[in-house]
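Numbering (this note's numbering), first residue to last: 97 to 305.
Every residue, glycine too, gets a C-beta built ideally from N, C-alpha and C.
Computed from a predicted structure; not experimentally measured.
Data block below; observations after.
Pasting the structure below:
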């Protein structure tokens, strides 16, 4: 093995460690794991405050637009001009008002044209104590707690990747006698500069208690 090959391997390992630290170094909503099977976990979350915005467009376009709006909020576009620490993950869910009432609740929201994108707030904040946003598009909400099935995976942020894992999670839910109570939610734990093999992505589906 040549010196260049060794160097590239070392760089790759170093990058993986740094990216994993970046993903795990941010505060995340607390949860307990009730069951695990490979990439899939059954979790229970508490309600968590978040800054949320509803954006129209494709999943990827809505994510980009919403990220800019929400990042402005935590960077000081709020009452008091206070900076708020970034957390993980960025949460994206189809706007429930735009989902067809005839669509299966476990169906990945391909083609949805309105999305709710949220940054969770650090644990020091409540809905009442969070700084008021300057932008009226931003809402301070409480993301409901409860029981969810979650599948963790790496790779690119493509519709195909998310839909494939949403289908796997839906199959697991059906085969294990669980009942889905809502549409899939997408979770992004890394920034766009993280190489796809080192990203942590999730699909989460709420399930009955």
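Bridge partners for residue 190 per DSSP, in chain order? Along the chain shown, read from residue 1 onward, the residue named residue 190 stands at position 94. For residue 190, which the question treats as bridged, DSSP gives the partners 211.
Where the alpha helix (DSSP H) containing residue 155 begins and where it ends: Start at 1 with the first residue of the chain shown, and residue 155 comes out as number 59. Run containing residue 155: 155-170, per the alpha helix (DSSP H) assignment.
With DSSP run on the structure shown, which of helix, strand or coil describes residue 266? Counted from its first residue, the chain shown places residue 266 at position 170. In the structure shown, residue 266 sits in a helix (DSSP, three-state: H, G or I).
What three-state label does DSSP hand residue 232 in the structure shown? Within the chain shown, the letter at position 136 stands for residue 232. The answer is coil: DSSP assigns residue 232 none of H, G, I, E or B.
Taking one C-beta from the stretch 261-273 and one from the stretch 166-179 each time, how about it: are there three or more such pairs within less than 8 Å? no
Output yes or no for whether 7 Å exceeds the beta carbon distance between residue 302 and residue 277. Position 206 of the chain shown, counted from the first residue, corresponds to residue 302. Position 181 of the chain shown, counted from the first residue, corresponds to residue 277. Yes, the Cβ-Cβ distance between residue 302 and residue 277 is below 7 Å.
Neighbourhood of residue 247 by C-beta distance below 7 Å, restricted to the same chain and skipping five residues each side: For the purposes of this step, residue 247 is identified with residue 151 of the chain shown, where counting begins at 1. Only 135, 136, 261, 264, 265, 298, 299 meet the Cβ criterion.
Going by the DSSP bridge assignment, what does residue 277 pair with across the sheet? Residue numbering aside, residue 277 sits at position 181 when the chain shown is read from its first letter. Looking at the DSSP assignment, residue 277 forms no beta bridge with any residue, so it has no partner.
Name the two residues that bound the continuous beta strand (DSSP E) containing residue 139. Residue mapping note: residue 139 aligns to position 43 of the chain shown, counting from 1. 136-141 is the extent of the beta strand (DSSP E) around residue 139.
Using the rule of at least 16 other Cβ atoms within 10 Å of the residue's Cβ for burial, across every protein chain shown, is residue 285 buried or exposed? Within the chain shown, numbered from 1, the residue matching residue 285 stands at position 189. Answer is buried; the Cβ neighbour count reaches 16.
Would you kindly work out how many angstroms separate the C-alpha atoms of residue 291 and residue 215, rounded to a whole number? Start at 1 with the first residue of the chain shown, and residue 291 comes out as number 195. Start at 1 with the first residue of the chain shown, and residue 215 comes out as number 119. Distance between the alpha carbons of residue 291 and residue 215 is about 22 Å.
Buried or exposed: which applies to residue 289, given that a residue is buried once 16 or more other Cβ atoms fall within 10 Å of its Cβ? Here residue 289 corresponds to residue number 193 of the chain shown, with the count starting at 1. So residue 289 counts as exposed.
DSSP puts residue 148 in a beta bridge; with which residues? Locating residue 148 in the chain shown gives position 52, where the first residue counts as 1. Residue 148 is bridged to 214, 235.
Count the other CB atoms within 10 Å of the CB of residue 148; is the residue buried (16 or more) or exposed (fewer)? The residue you call residue 148 lines up with position 52 of the chain shown. Per the 10 Å Cβ criterion, buried.
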